[in-house]
Each structure stands twice: as structure tokens, then as C-alpha cells.
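Taking our numbering, the leading residue of the sequence shown gets 2, the next gets one more, and so forth.
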Amino acid sequence: MWNYLEDASNYQGHADKILIPQTEAELVGILAEAQAGGIAVTIAGGGSGLTGGRVPEGGWCVSLEKFNKIEIHDGFAVCGAGAILGDLHAAAKRSGQFYPPDPTETMAAIGGTISCNACGSRSFMYGATRRWIRRLRFALMDGRVLDVRRGDKIDFEVIPVHRPASTKHSAGYPLAAGMEWIDLISGSEGTLAVVIEAELELQPVPKEMLNGIVFFSSDADSLRAVEAWRSIPGLRMLEWADEPSLGLIREKYTDLPKAAVACVIVEQLVEDESAVDDWVERLEEQNAMADESWFGSSEADRERFRAFRHALPERVIQLVRQLGFSKLGSDFSVPVEKNREMLDFYRDQIAKRFPAPFAIFGHIGDAHVHVNLFPSSEETGVEGKKLMDDFARKSVELGGTIAAEHGLGKRKRHFLPFLYSEAEIEAMKAVKRHLDPKWLLGRGNLFPMSPEHPGA
Ligand SMILES: Cc1cc2nc3c(=O)[nH]c(=O)nc-3n(C[C@H](O)[C@H](O)[C@H](O)COP(=O)(O)OP(=O)(O)OC[C@H]3O[C@@H](n4cnc5c(N)ncnc54)[C@H](O)[C@@H]3O)c2cc1C
Numbered sequence: 002m003w004n005y006l007e008d009a010s011n012y013q014g015h016a017d018k019i020l021i022p023q024t025e026a027e028l029v030g031i032l033a034e035a036q037a038g039g040i041a042v043t044i045a046g047g048g049s050g051l052t053g054g055r056v057p058e059g060g061w062c063v064s065l066e067k068f069n070k071i072e073i074h075d076g077f078a079v080c081g082a083g084a085i086l087g088d089l090h091a092a093a094k095r096s097g098q099f100y101p102p103d104p105t106e107t108m109a110a111i112g113g114t115i116s117c118n119a120c121g122s123r124s125f126m127y128g129a130t131r132r133w134i135r136r137l138r139f140a141l142m143d144g145r146v147l148d149v150r151r152g153d154k155i156d157f158e159v160i161p162v163h164r165p166a167s168t169k170h171s172a173g174y175p176l177a178a179g180m181e182w183i184d185l186i187s188g189s190e191g192t193l194a195v196v197i198e199a200e201l202e203l204q205p206v207p208k209e210m211l212n213g214i215v216f217f218s219s220d221a222d223s224l225r226a227v228e229a230w231r232s233i234p235g236l237r238m239l240e241w242a243d244e245p246s247l248g249l250i251r252e253k254y255t256d257l258p259k260a261a262v263a264c265v266i267v268e269q270l271v272e273d274e275s276a277v278d279d280w281v282e283r284l285e286e287q288n289a290m291a292d293e294s295w296f297g298s299s300e301a302d303r304e305r306f307r308a309f310r311h312a313l314p315e316r317v318i319q320l321v322r323q324l325g326f327s328k329l330g331s332d333f334s335v336p337v338e339k340n341r342e343m344l345d346f347y348r349d350q351i352a353k354r355f356p357a358p359f360a361i362f363g364h365i366g367d368a369h370v371h372v373n374l375f376p377s378s379e380e381t382g383v384e385g386k387k388l389m390d391d392f393a394r395k396s397v398e399l400g401g402t403i404a405a406e407h408g409l410g411k412r413k414r415h416f417l418p419f420l421y422s423e424a425e426i427e428a429m430k431a432v433k434r435h436l437d438p439k440w441l442l443g444r445g446n447l448f449p450m451s452p453e454h455p456g457a
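Structure (C-alpha cells):
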């Protein structure tokens, strides 16, 4: 979908060679040659990343697109790193199963989602990608190919780092005493290993589900509803979009109620039809636009609502390309009890400092909304970047993270010291040096680098 020298955030790079190995032996050969020649290697997945992680800044770009095997078994799938997420979803569905992590962008490759530890809207119930990996096969820069299962511990010592109190977090290496290989490699953003293949857990497709897009004519009511609905049993999605977000897709969705200034998107596992009556009550209690809200329980409804939700980030990316700026989007998540405080901070700062369009939507169930800023000039572009830095600091101050699901890549690596102490970053660099002493893999991701001393 995106070419090898950019990603969905519009971050641009360059490479001396683009290599597309057909086999594992060929991949290992490429890594050995790079190791011998001191050549940086950046791994390309589907290109839907939002942090510049897959964008090379010199050296070789290696795409795993030929590693596209998908085997479906009872309870699990075996996928090559280049298998496309949408193909996995479709194949799992044909077997009456589903793969829980759903970072909505179906063109992502499995290797990319593992390397970012991607989440998405259903992560409200199912958590991040890491949790669904049962076995992982990956290549290291020292020539080894490891095939590890859940439970297999790393074979070297690490210094533990702290974890923020948000429910979602994917920034830096989650170092812990006695940690497992899968937890280290997943989320490492292509800096420690090249993911080759994974065995991923599948779940049976739930029998009954109810989906809804609930519209509100009051922003405050929509946010009160979020807090009231967070603990509803069986809820596997709790998403939210503000008025500017709805404005982005009104042209596409002409049936979107005119008076709506916010919406809450829900998906719930249900036992029977009585669940509908519960929602009728809830909508009334929360002063929602009951008659104009959309509910459905069929596969087609689910797909329609999924497309509606996905239209938001898609439109943002389209707009960013039109404007010609790099994407200015946040990925911060705070402890759920701090959700309102963080949102108020975003809005207050935008009102004071950013005289250009913006839109806020996303995974509010995990206190993880994406703030999207659309600069209209160089000045607003500069201010937008400063705002993002201040949002990152505020997230940390509230006990949250600097990246919940997209990682840091190159565009957001300067956030790392906002969350971690120097000693913690040094502990991560020690792991990097241990597995990739010449600092060749995913160079520039997570840690800034200079040609003389890449890991400095
Ligand atoms: C419209 C849209 C909506 C999105 N919504 C969500 C969302 O809701 N939740 C979410 O989590 N993300 C979301 N994303 C972001 C994106 O889909 C994820 O980050 C995805 O995990 C990236 O996968 P990819 O294959 O496209 O990776 P790429 O962009 O190709 O690469 C991402 C990183 O992974 C590394 N990598 C890729 N393959 C390998 C490999 N085999 N071995 C080692 N490293 C590798 C790359 O070097 C890079 O650092 C969205 C993106 C778009 C465009």
C-alpha cells in the first residue's frame, strides 16, 4: 500500500538497496552480509506504521512480504511475518474463529503488528498483540534463528524498568527480571530481531454480539456515558469521537445525524435479545440521541460500523497527505481515572495555542484517544509539535505512557526520556548492544543515533 521509503505518517526516507528475500536462508544471508559490512538494516512490514519505524535512513530495506503463509488450525494460526492482517482475519473467519488484536488497518503485516505490539479498538477486552503470540520465530544479527514458545525466558540478565499505570503501553523494551523472549521481541519495533513467523492464538467467533454507534447532541453527555459504560459486562469496544472528527466524515456518511456533536462506539458480547432493552435504558439515562443512534447485531452491521470507525483515521491520513505535513497524532494513554483530566488538558491547550483544525477520537475505554492536529502553516506546525511534547509530559505526569500502541519509531523517539530515567534507557541500550552490537537493526528507532556512535 505504501512504498518502502515512507509509512502512513508520511515520513520519508532513503535506502541504498531494497531486498525482498524469498526464503529464511536468504534472509539470514542478507543479515550476515549486513553484519559483516556494518550495513544498517530496516525491516519493512505493511507500511501502515505511524512513527517512521519502517522507513530506512540509508542502508538496506528488507521486506518480508514473501513470508506470507497463513495456516489456520483449531485454536491457532501459523503466519509468516509478511502475512497481511486482513487475510488472517478472513481466513480465521472461514474457520469460525477470529484473531482478537485488531489495529483496524487491515493492510498491516503480522510482523509489523508484532513488532509494534499493536492494539486497536477491541483491545479494550483483548489487550495487545503480545498476549496472543504462542510461538515466535525470529532472526538475530549474530546469525542465530530462535524459535521460542510462550514461557521461554531470555538467556541473559536485564535491569528491570518501571511500567506506567495505563492499561495500554508500548514504548521501549518492557524489561523485567526473568522475562520471556516473546515479551522482549514483541514491541521492539524492529530493533532487536527480524520476526519470521508466529503462532497466534485464535478464539471461537462469539455467538451473539451487539454493535452500536450512539450519537449525542452534547459533548459532556457523551463523556459521562463513557464513564458510566466502561464497566458494562461483555463490552469489547468502547470508542469515542468528538465533533470535529464527525465533521471529517460527514461527506462520506450523509446519514450521520445533523445534531450529533459526539459519538460513542460500542461492541458487546451478549447472551440474548434482552441486551437491546438494556441499551434502550442506557441511552435514555445518558441523554443520548436514542432515535438516531445506530444498532445492529449482524455480521453486515458489524462490518458497516467497523468501516465507520476506520473512516476516521483513514480520513486523517488523507488530509495529512493533502496538507503536506507529517502526521501530528498522539498515542498517549493514561490511567482510566485520569481520562477526563487528560482530555481537558488536550482541549484547553489546543484552544490556547493551536489556531488550526484538530480532531480527537479513539480508544477512550482505555483512556487512550488520538489527538490529531492539522497545521495550516509552518508556525502552527511548529506549535503542534510543541503541543505534542507537552501532551507527552502531561501523560507521564498522570501516570500514563508516551506510546500506547504505535511505538515511538523515529518520529517520537525523543519522548523516551520523558518516561524513563537515564538508567532505564541505559538498561534498554544494554539489551540492544547485547543482541545487535553494531547497532544495525532498525537503526534510528527508539534511540537517536549518530554515524560515529549509533547507540549514543
Ligand atoms: C488508518 C490506520 C489506522 C490504524 N489504527 C491502529 C489502531 O487502532 N491500533 C494500532 O495499534 N495501530 C493502528 N495503526 C498503526 C499500524 O497499523 C500498526 O502500527 C501496525 O502494527 C503496523 O504494521 P505494518 O506491518 O504496517 O508495519 P510497518 O509500518 O511496515 O512497520 C512498523 C514497525 O515494525 C517493524 N517491522 C515490520 N515487520 C517486521 C518484522 N518482520 N520483523 C521485525 N520488525 C518488523 C518495522 O521495522 C517498523 O519499525 C493504524 C494505521 C493506519 C494507517
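Virtual Cβ for every residue (Gly too), placed ideally from N, Cα, C.
With distances taken between CB atoms, is the gap from residue i to residue j smaller than 8 Å?
{"i": "N69", "j": "G83", "result": "yes"}
{"i": "K169", "j": "S124", "result": "yes"}
{"i": "I186", "j": "L176", "result": "no"}
{"i": "A78", "j": "L65", "result": "no"}
{"i": "W133", "j": "P102", "result": "yes"}
{"i": "A92", "j": "P104", "result": "no"}
{"i": "L284", "j": "G366", "result": "no"}
{"i": "F416", "j": "A404", "result": "yes"}
{"i": "P336", "j": "S122", "result": "no"}
{"i": "T52", "j": "H311", "result": "no"}
{"i": "Y12", "j": "R412", "result": "yes"}
{"i": "M343", "j": "A368", "result": "yes"}
{"i": "T381", "j": "A352", "result": "no"}
{"i": "P258", "j": "L324", "result": "no"}
{"i": "G481", "j": "D8", "result": "Since the displayed the chain opens at 2 and closes at 457, residue 481 lies outside it and no answer follows."}
{"i": "G191", "j": "G443", "result": "yes"}
{"i": "V265", "j": "S223", "result": "yes"}
{"i": "S275", "j": "V215", "result": "no"}
{"i": "A172", "j": "L436", "result": "no"}
{"i": "E209", "j": "V271", "result": "yes"}
{"i": "E202", "j": "G76", "result": "yes"}
Using a Cβ-Cβ cut-off of 6 Å (strictly less than) and excluding sequence neighbours within five positions of residue i, which residues of its own chain qualify?
{"i": "E58", "result": "G14 and G445"}
{"i": "Q269", "result": "L211, G235 and L236"}
{"i": "F362", "result": "A242, S246 and L313"}
{"i": "D278", "result": "none"}
{"i": "E198", "result": "G81 and R138"}
For residue i, write down the residues that DSSP places opposite it in a beta bridge.
{"i": "A289", "result": "In DSSP, A289 forms no bridge with anything."}
{"i": "G213", "result": "V267 and F296"}
{"i": "A110", "result": "I85"}
{"i": "H364", "result": "H369"}
{"i": "K154", "result": "E181"}
{"i": "A140", "result": "V146 and V195"}
{"i": "A242", "result": "C264 and F362"}
{"i": "L6", "result": "DSSP, once it has assigned bridges, lists no residue as partnering L6."}
{"i": "I73", "result": "A78"}
{"i": "L329", "result": "L374"}
Comparing alpha-carbon positions, which option in the options lies nearest residue i?
{"i": "S218", "options": "V29, M290, A140 and Y421", "result": "M290"}
{"i": "A194", "options": "T24, I361 and W182", "result": "W182"}
{"i": "F306", "options": "G213, A178 and H364", "result": "G213"}
{"i": "G188", "options": "S116, A229, V206 and A308", "result": "S116"}
{"i": "L374", "options": "Q36, D349 and S331", "result": "S331"}
{"i": "D156", "options": "T24, I351, L147 and I266", "result": "L147"}
{"i": "D345", "options": "S396, G297 and R136", "result": "S396"}
{"i": "E158", "options": "G179, F359, F139 and E200", "result": "G179"}
{"i": "G81", "options": "G53, P376 and R138", "result": "R138"}
{"i": "V196", "options": "A360, E244, A368 and V149", "result": "V149"}
{"i": "E286", "options": "P376, V162, H369 and E228", "result": "E228"}
{"i": "E244", "options": "A260, W230, R231 and T255", "result": "A260"}
{"i": "D292", "options": "A301, E300, E282 and S299", "result": "E282"}
{"i": "G97", "options": "I40, P438, Q204 and Y421", "result": "Q204"}
{"i": "F99", "options": "Q36, P207 and L320", "result": "P207"}
Compute every distance between the C-beta of residue i and the non-hydrogen atoms of ligand 2, then say whether any falls below 7 Å.
{"i": "T168", "result": "As far as ligands go, the structure on display features ligand 1 and does not contain ligand 2."}
If you drop the 5 nearest sequence neighbours on each side, which residues of the same chain put their C-beta closer than 7 Å to that of residue i?
{"i": "Y174", "result": "L185, S189, M429 and V432"}
{"i": "E87", "result": "Note on identity: in this sequence residue 87 is Gly, with Glu being the wrong assignment. T107 and M108."}
{"i": "E453", "result": "In this prediction, E453 has a pLDDT of 47, which is less than 50 and means its spatial position is unreliable; what the coordinates show is noted afterwards. So no residue of the chain qualifies."}
{"i": "R354", "result": "E384 and L388"}
{"i": "I71", "result": "A78, C80, A84, D88, L89 and A92"}
{"i": "R322", "result": "N11"}
Keeping to the same chain, check which residues put their C-beta closer than 8 Å to that of residue i; ignore five residues upstream and five downstream.
{"i": "G456", "result": "Confidence is the limiting factor: at G456 the pLDDT is only 49, short of 50, which leaves the residue's position unreliable and the question unanswerable from this model."}
{"i": "G152", "result": "E181"}
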